[in-house]
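A short write-up of the structure that comes next.
In the working numbering, the protein residues as written are 41 to 185.
See the structure below:
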């Protein structure tokens, strides 16, 4: 009976992972797109900054947790480092740190769109396995609760 359950679980995981292959990176893009949508419907610039800052911090925490995992290969760790560097650059630009000029309040909507587009382009250069990508998505969901 236990062997059947294990086999059924493995088959189920395999079929659930197939949509993850095609949609995993799209889910990361959706995460930033949702943050951009929240920014656009908010009128207060300080709230807009808080939304963007929180989205960057949540993603950074998830990436740190995944990178600390022993199941991450060297290639995946390099991809995560690249993604984290891009996130850090966006955070610095938003706050005006490390030589960046702070994003003006009247350009926060445009900046949120820029972040979405930049992260979509970054996906083309980052190699992350489906398992790692799914782990990142799960951690984001957990961190948001």
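For every residue, glycine included, the Cβ atom is placed at its ideal position computed from N, Cα and C. This one's a predicted model, so the numbers in the text were calculated from it and none came from an experiment.
Minimum C-alpha distance to residue i - residue among the options
i: residue 130; options: 117, 81, 153 and 180; result: 153
i: residue 77; options: 86, 137, 156 and 160; result: 156
Beta-carbon gap between residue i and residue j smaller than 8 Å
i: residue 75; j: residue 100; result: no
i: residue 79; j: residue 92; result: yes
i: residue 151; j: residue 127; result: no
i: residue 85; j: residue 145; result: yes
Contacts around residue i, its chain only, beta-carbon distance under 8 Å, and the 5 residues preceding and following it disregarded
i: residue 180; result: 71, 98, 99 and 102
i: residue 121; result: 107
i: residue 73; result: 156
i: residue 138; result: 132
i: residue 52; result: For residue 52, the predicted model reports a pLDDT of 44, less than 50, meaning its position is unreliable and no value from the coordinates is stated.
Close beta carbons around residue i, own chain, < 7 Å, minus the five adjacent residues each side
i: residue 117; result: 107
i: residue 140; result: 132 and 133
i: residue 143; result: 133, 134 and 151
Same chain, Cβ closer than 6 Å to residue i, neighbours up to 5 away in sequence not counted
i: residue 88; result: 79, 82 and 148
i: residue 160; result: 69
i: residue 109; result: none
i: residue 124; result: 103
i: residue 176; result: 102 and 106
Check: What are the start and end residues of each continuous beta strand (DSSP E) run of 3 or more residues lying completely inside the region 92-142, in chain order?
Finding: none
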